[in-house]
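**Q**
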Amino acid sequence: MCMDYKQICSSLVLIMLAGPANVEAAEATLAVASNFTAPANQLVEEFESQTDHEISLVFGSSGRFFAQISNGAPFDLFLSADQEKPRALIESNLAVAESLFTYALGGLVLWSSDEQLVDGFTVLDSDRFQKLALANSRLAPYGVAAEEVIDQLGLLNALQAKLVRGENIAQTYQFVFTGNAELGFVAKSQVYKNNSLQSGSAWNVPANLHSSITQDAVLLQRASGNSAALDFIEFLQSDRGRSIIQSFGYTVEE
Amino acid sequence: MGFSEADITAILLTLRLATTVTILLLLMGAPLAWWLARTSSRFKGPIGALIALPLVLPPTVLGFYLLLALGPNGPIGQITQSLGLGTLAFSYSGLVIGSIFYSLPFVVQPLQNAFEAIGDRPLEVAATLGAGPVDRFFSVALPMAKPGFFTAAVLGFAHTVGEFGVVLMIGGNIPGETRVVSVQIYDHVEALAYDQANQLALLMIVFSFLVLLSVYGLQRKSHRQVLRFGS
Chain G
22 MCMDYKQICS SLVLIMLAGP ANVEAAEATL AVASNFTAPA NQLVEEFESQ
72 TDHEISLVFG SSGRFFAQIS NGAPFDLFLS ADQEKPRALI ESNLAVAESL
122 FTYALGGLVL WSSDEQLVDG FTVLDSDRFQ KLALANSRLA PYGVAAEEVI
172 DQLGLLNALQ AKLVRGENIA QTYQFVFTGN AELGFVAKSQ VYKNNSLQSG
222 SAWNVPANLH SSITQDAVLL QRASGNSAAL DFIEFLQSDR GRSIIQSFGY
272 TVEE
Chain Z
131 MGFSEADITA ILLTLRLATT VTILLLLMGA PLAWWLARTS SRFKGPIGAL
181 IALPLVLPPT VLGFYLLLAL GPNGPIGQIT QSLGLGTLAF SYSGLVIGSI
231 FYSLPFVVQP LQNAFEAIGD RPLEVAATLG AGPVDRFFSV ALPMAKPGFF
281 TAAVLGFAHT VGEFGVVLMI GGNIPGETRV VSVQIYDHVE ALAYDQANQL
331 ALLMIVFSFL VLLSVYGLQR KSHRQVLRFG S
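Residue numbers (the numbering used here), protein chains in the order written: chain G, 22 to 275; chain Z, 131 to 361.
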């Protein structure tokens, strides 16, 4: 017994000593708003190939992340879908104020999985669809933007009976993807990759039809010395990082 | 601070959904449970397992497949479209269908247990007294299985009230149509309206506790175990 215990101990020490080849290598867990899923995956893949850091991604709604972080969830960096929640975390001393930055401005598209259906916004004023999906405007900035667009086009009353709401933009996409809703306002990042539409038909909503979807990121207090999180923030703001973000249909601030 | 109008709409919708589903499930579940309790068919195992699937599957799996099935290219969607009903996702009818799948084991299993507990003896006695199969079911099996029906109804109702994952996937959050209490609570939490979430959540806890208390209380009185979860 005694020998076994010693052996285990010494091998543990060896593992701990031999583990990280680079003393700088660290790990970070990121809470990422679901609309940013695709670019986050690509960003992390490239970041990890350049460094020895390890990044774990958790996707979900910003509201849930806010509740979890407020109750001690072990996240290091929070990529929110809005500006309000990172700021609220700073106010309650859970996030580092100086780290706050805008990582992306979201784009909105009217999308259908049917290749013929969307020929500009005129389809909204037609009887060629039964259901129009959008994100819940109470929870998601993409939902707020979608309602503003419908309102700007003067169709809010006419479309009221056709609206179905996803809890977040990922679910909204799912409704349209499965054809249960013929049309939906989704995030451009969900249907664009390498600057081109991946499937179906889409209308790119002009940014002047809705208030901007500004997405802020913030470093959480527990990670103030986490080199993986800090290096990843730097990567997000680098030219390469920004061009990846743009290739998914986001715009980035100058 | 009381419940908002939207909360009350959600509560009423939930009660309406649970009532409809419970009635339908008792009508469908009774013959199914009777067959499962009496048969020695080799399909008994597979069918029993199929019915019990929602007990172990995450509701998201059930919800996702329902969404595909109800969609314009899915099998249920094809049928409803050819009947001129359109597709049923995002509608009250769609929720009823989803809930029937979801709550089926909670109704069938207590009924099956109750039917099995009767044993062969009373039915054989009834047969020797000249009762046919239909008569035996209605005048012997049904009365003797009454506690099982009570448990099945209460559990089916309560489980439908507590349904969340499936509704989230096929509901579309339409007030008065598909936005049930559990979804309303989720929305409150996501929107950081914790006070409103608390009120509704507390109501759910009190309701669920009372439901289970009544089931266990009845079981103690009848000395018969029809509920095999816990106790």
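Ideal Cβ positions, reconstructed from N, Cα and C, are used throughout, including at glycine.
All values derive from a computational prediction rather than experimental measurement.
By alpha-carbon positions, which one of G:Gln89, G:Ala156, G:Phe198, G:Ile254 ends up nearest to Phe122 of chain G?
**A** Along the first sequence, one-based indexing puts residue 122 of chain G at 101. Taking only the C-alpha atoms, the option nearest Phe122 of chain G is G:Ile254.
**Q** From Arg172 of chain Z to Phe287 of chain Z, what distance separates their C-alpha atoms?
**A** For the purposes of this step, residue 172 of chain Z is taken as residue 42 along the second sequence, with counting starting at 1. For the purposes of this step, residue 287 of chain Z is taken as residue 157 along the second sequence, with counting starting at 1. Each residue's Cα considered, the two are about 31 angstroms apart.
**Q** Would you kindly work out how many angstroms separate the C-alpha atoms of Arg263 of chain G and Val273 of chain G, rounded to a whole number?
**A** Taking the first sequence and counting its residues from 1, the one referred to as residue 263 of chain G is at position 242. Taking the first sequence and counting its residues from 1, the one referred to as residue 273 of chain G is at position 252. If I take the Cα positions, the gap works out to 7 angstroms.
**Q** Where Asn43 of chain G and Asp73 of chain G are concerned, what is the direct C-alpha to C-alpha distance, given to the nearest angstrom?
**A** Residue mapping note: residue 43 of chain G aligns to position 22 of the first sequence, counting from 1. Residue mapping note: residue 73 of chain G aligns to position 52 of the first sequence, counting from 1. Note that Asn43 of chain G scores 45 on pLDDT, short of 50, meaning its location in the model is unreliable; the coordinates nonetheless yield the value given after this. Spanning the alpha carbons of Asn43 of chain G and Asp73 of chain G requires a straight line of approximately 7 angstroms.
**Q** Can you name the residues of chain Z whose CB is closer than 7 angstroms to the CB of Gly200 of chain G?
**A** Sequence index remark: in the first sequence, residue 200 of chain G carries index 179 (1-based). The contact set of Gly200 of chain G on chain Z, defined by CB atoms closer than 7 angstroms, consists of Gly201, Pro202, Asn203 in chain order.
**Q** Check whether the region 131–147 of chain G and the region 190–206 of chain G touch, using three or more Cβ-Cβ pairs below 8 angstroms as the test.
**A** In this structure the region 131–147 of chain G lies against the region 190–206 of chain G, because at least three pairs of beta carbons, one per stretch, are closer than 8 angstroms.
**Q** Expressed to the nearest angstrom, what Euclidean distance is found between the alpha-carbon atoms of Asn114 of chain G and Ser82 of chain G?
**A** For the purposes of this step, residue 114 of chain G is taken as residue 93 along the first sequence, with counting starting at 1. For the purposes of this step, residue 82 of chain G is taken as residue 61 along the first sequence, with counting starting at 1. In a straight line, the C-alpha of Asn114 of chain G is about 21 angstroms away from that of Ser82 of chain G.
**Q** At a Cβ threshold of 7 angstroms, is Leu197 of chain Z touching chain G?
**A** As a working mapping, residue 197 of chain Z is identified with position 67 in the second sequence. So yes, Leu197 of chain Z belongs to the interface.
**Q** Give the interface partners of Asn157 of chain G over in chain A, defined as CB-CB distance under 9 angstroms, in chain order.
**A** Chain labels in this structure do not include chain A; the protein chains are G and Z.
**Q** Residues of the region 78–94 of chain G in Cβ contact with chain Z at a cutoff of 8 angstroms, in chain order, please.
**A** With the criterion set as a beta carbon lying under 8 angstroms from some beta carbon of chain Z, the members of the region 78–94 of chain G are Ser82, Gly84, Arg85, Phe87, Ala88, in sequence order.
**Q** According to DSSP, simplified to helix, strand and coil, what is Arg186 of chain G?
**A** Start at 1 with the first residue of the first sequence, and residue 186 of chain G comes out as number 165. It is a strand residue.
**Q** Under a Cβ-count criterion, where at least 16 other Cβ atoms within 10 Å of its own Cβ denotes burial, should Asp265 of chain Z be classed as buried or exposed?
**A** As a working mapping, residue 265 of chain Z is identified with position 135 in the second sequence. Counting every other CB atom within 10 Å of its CB across the protein chains shown gives Asp265 of chain Z a total below 16, marking it as exposed.
**Q** Determine the closest residue to Asn216 of chain G out of G:Gly141, G:Ile265, G:Phe96, with distance taken between C-alpha atoms.
**A** As a first step, residue 216 of chain G must be located in the first sequence, where it is residue number 195. Of the listed residues, the one whose Cα sits closest to Asn216 of chain G is G:Ile265.
**Q** Near Leu200 of chain Z, what residues of its chain come up, given a Cβ to Cβ distance below 7 angstroms and the 5 sequence neighbours on each side ignored?
**A** On the second sequence, position 70 is the one that residue 200 of chain Z refers to. For Leu200 of chain Z, where only same-chain residues beyond five positions count, the Cβ hits under 7 angstroms are Ile206, Gly207, Thr217, Leu218, Ala219, Gly224, Ile300.
**Q** Output the residue ranges of the beta strand (DSSP E) runs that lie fully inside the region 104–144 of chain G and measure 3 residues or longer, sorted by chain position.
**A** Annotation: the region 104–144 of chain G contains the following complete segments of the beta strand (DSSP E) (minimum length 3 residues), in chain order: 122–127, 129–133.
**Q** By the criterion of Cβ-Cβ separation under 8 angstroms, what are the contact partners of Gln137 of chain G in chain Z?
**A** Mapped onto the first sequence, residue 137 of chain G falls at position 116. Neighbours of Gln137 of chain G on chain Z: none; closest Cβ ~14 angstroms, over 8 angstroms.
**Q** In angstroms with no decimal places, state the Cα-to-Cα distance between Arg261 of chain G and Phe68 of chain G.
**A** Sequence index remark: in the first sequence, residue 261 of chain G carries index 240 (1-based). Sequence index remark: in the first sequence, residue 68 of chain G carries index 47 (1-based). If you take the alpha carbons of Arg261 of chain G and Phe68 of chain G, they lie about 10 angstroms apart.
**Q** Going by C-alpha to C-alpha distance, which of G:Gly187, G:Phe80, G:Ile171 sits closest to Asn201 of chain G?
**A** As a position in the first sequence, residue 201 of chain G is number 180, starting the count at 1. Here the closest residue by C-alpha is G:Gly187.
**Q** Counting Cβ pairs closer than 8 angstroms, one from the region 317–334 of chain Z and one from the region 251–270 of chain Z, do we hit at least three?
**A** The region 317–334 of chain Z is not in contact with the region 251–270 of chain Z.
**Q** Which two residues bound the contiguous beta strand (DSSP E) that contains Phe256 of chain G?
**A** If you number the first sequence from 1, residue 256 of chain G lands on position 235. Careful: Phe256 of chain G lies outside any beta strand (DSSP E), inside the alpha helix (DSSP H) at 248–258.
**Q** Taking Phe294 of chain Z as the query, report the chain G residues whose CB atoms sit under 9 angstroms from its CB, ordered along the chain.
**A** Here residue 294 of chain Z is taken as the residue at index 164 of the second sequence, counted from 1. Simply none; closest approach about 11 angstroms.
**Q** Starting from the C-beta of Leu160 of chain G, find all residues in its chain whose C-beta is less than 8 angstroms away, skip the five residues before and the five after it, and write them out in chain order.
**A** Position 139 of the first sequence holds residue 160 of chain G. So the qualifying residues of the chain are Ser82, Gly84, Glu188, Asn189.
**Q** If you run the structure through DSSP and keep just helix, strand and coil, what is Glu274 of chain G?
**A** Against the first sequence, residue 274 of chain G aligns to sequence position 253. Residue state, collapsed to three classes: coil.
**Q** Just the Cα atoms here: how many angstroms apart are Ala244 of chain Z and Leu343 of chain Z?
**A** Against the second sequence, residue 244 of chain Z aligns to sequence position 114. Against the second sequence, residue 343 of chain Z aligns to sequence position 213. Spanning the two alpha carbons is a distance of roughly 19 angstroms.
**Q** From the DSSP output, in three-state form, read off Thr290 of chain Z for me.
**A** Position 160 of the second sequence, counted from the first residue, corresponds to residue 290 of chain Z. In the three-state reduction of the DSSP assignment, Thr290 of chain Z falls in the helix class.
**Q** Determine the chain G residues that contact Ala275 of chain Z at a beta-carbon separation under 8 angstroms, and present them in chain order.
**A** Within the second sequence, the letter at position 145 stands for residue 275 of chain Z. In chain order: nothing, as chain G lies at least about 40 angstroms away.
**Q** Report the option in G:Ala238, G:Ser268, G:Leu204 whose CA atom is closest to the CA atom of Ala109 of chain G.
**A** Against the first sequence, residue 109 of chain G aligns to sequence position 88. For Ala109 of chain G, the closest alpha carbon among the candidates G:Ala238, G:Ser268, G:Leu204 is that of G:Ala238.
**Q** How about the region 139–151 of chain Z and the region 248–257 of chain Z: do they share at least three Cβ pairs that are nearer than 8 angstroms?
**A** no
**Q** Of all Cβ atoms in chain Z, is any one closer than 7 angstroms to the Cβ of Arg261 of chain G?
**A** Walking along the first sequence from the start, residue 261 of chain G turns up at place 240. With 7 angstroms as the cut-off, Arg261 of chain G does not count as an interface residue toward chain Z.
**Q** What is the DSSP secondary structure of Asp236 of chain G, reduced to helix, strand or coil?
**A** For the purposes of this step, residue 236 of chain G is identified with residue 215 of the first sequence, where counting begins at 1. For clarity, residue 236 of chain G is Gln in the given sequence; the question names Asp instead. Three-state result, Gln236 of chain G: strand.
**Q** Which same chain residues end up closer than 7 angstroms to Gln63 of chain G when comparing Cβ atoms and leaving out the 5 residues on each side of it in sequence?
**A** The sequence position of residue 63 of chain G within the first sequence is 42, counting from 1. So the qualifying residues of the chain are Ile265.
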